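Note that my numbering numbers the sequence shown so that position 107 is 1011, with each residue one more than the last.
First up is the structure itself, then whatever we jot down about it.
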Amino acid sequence: MKQVFKRPQALSDTVMHYCPGCTHGIVHRLVAEAIDELGILDRTIGVASVGCSVLAYEYFECDFQEAAHGRAPAVATGIKRVLPDRVVFTYQGDGDLASIGTAEIIHAATRGEKITVIFINNAIYGMTGGQMAPTTLLGQKTTTTPRGRLAEYHGQPIRICEMIKELDGAAYVTRVASNSPRNIAVAKRAIRKAFQVQLLGLGLSLVEVLSTCPTNWGLTPVESMKWLEEKMMPHYPLGEFKSPGEVK
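Have a look at this one:
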């Protein structure tokens, strides 16, 4: 019988720690598949953030570096400049990249650092107990917004792609989702394209992936997928915000 589906070579044979229904595992697989297809495993270096994905280095077969909270783009910048022949990517959540790490991602994009950023947006702080994140939606209840996020008190949810696309050094900026087979297939192509942009030396590439957090949302895995589509996607529309013509 012909084998049509298998574990990517770039993904380790390790049981993941993520909660049931969390889509971190799906995105890990997509990153690993892109690395395999491009044949870059032996020269890829990942940078793990602080958050639910803090143990990402356990799940990939490439070299990995842990970074302080929010500092993954700065660490990745250092690695890429010292080892320019390597393919360097960060894997960050919204509490990491869009909050304490805002300065790092903005300046890395402004400088056009030739790194790839995988940005997981689940609209909440996951690992630390479900607090409001910069991406938390208006009205969304969290442990620090028990009555829901209020614009006049907490401000508006931040849209990272819409902000990063305006910076000259950002070469590829896109938002995808992990809630359906179709959207997962689109996410796979986006992640592969982001690595290709780096291989061509065009500048920073960022893929934002809308993800789920059933535990902190207080929903079942199935309900979480529906909530992502009905609540998150209207505020965070999917699509490419910036794309170089050299990569199809």
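Built from N, CA and C at the ideal position, the CB exists for glycine as well.
Note that the structure is predicted; figures quoted are calculated from it, not measured.
As the crow flies, the alpha-carbon of residue 947 is around 30 Å from that of residue 1026. Taking each of 963, 942, 965, 980 in turn and checking the Cα distance to residue 971, the smallest one comes out for 980. For the region 1017–1056, not one full-length alpha helix (DSSP H) segment reaches 4 residues or more. Taking C-beta atoms as the reference points, residue 1123 and residue 1137 fail to come closer than 8 Å.
Counting along the chain, residue 1113 sits inside no alpha helix (DSSP H); it lies in the beta strand (DSSP E) bounded by residues 1108–1114. Under DSSP, no beta-bridge partner is assigned to residue 925. Cβ-Cβ separation between residue 1104 and residue 1150: approximately 6 Å, consistent with a contact (criterion under 8 Å). For residue 999, no pairing in a beta bridge is given by DSSP.
Boundaries around residue 1099 are those of the alpha helix (DSSP H), 1085–1103, since no beta strand (DSSP E) includes it.
Residue range 948–952 is occupied by the beta strand (DSSP E) that includes residue 951. A direct Cα-Cα distance of roughly 42 Å separates residue 1125 from residue 986. Non-local beta-carbon contacts of residue 1117 in its own chain, meaning distances under 6 Å to residues more than five positions away in sequence, involve 1026, 1028, 1030 in chain order.
Here residue 908 carries a coil assignment [DSSP, helix/strand/coil]. Looking at 964, 1139, 1072, 999, the one whose alpha-carbon comes closest to that of residue 916 is 964. Closest option to residue 1033, judged by alpha-carbon separation, among 1041, 1049, 1043, 969: 1049.
For residue 1092, the closest alpha carbon among the candidates 906, 930, 913, 988 is that of 930.
Out of 1145, 1089, 951, 1111, the CA that lies nearest to the CA of residue 1069 is found in 1145. Just so you know, the alpha carbons of residue 1087 and residue 997 end up roughly 19 Å apart. If you draw a 10 Å sphere on the C-beta of residue 1012, you find 16 or more other C-beta atoms in it, and that means buried. In this model, residue 1143 and residue 1058 are separated by some 27 Å (Cα to Cα). Under the DSSP definition of a beta bridge, residue 964 partners with 915.
Shown here for residue 958: same chain residues with a beta carbon closer than 8 Å to its own, the five before and five after excluded, namely 952, 970, 1031 in chain order. Across the set 1081, 1054, 907, the C-alpha of 1081 shows the shortest separation from the C-alpha of residue 1130.
Under the DSSP assignment, residue 1079 falls in the beta strand (DSSP E) whose first and last residues are 1074–1081.
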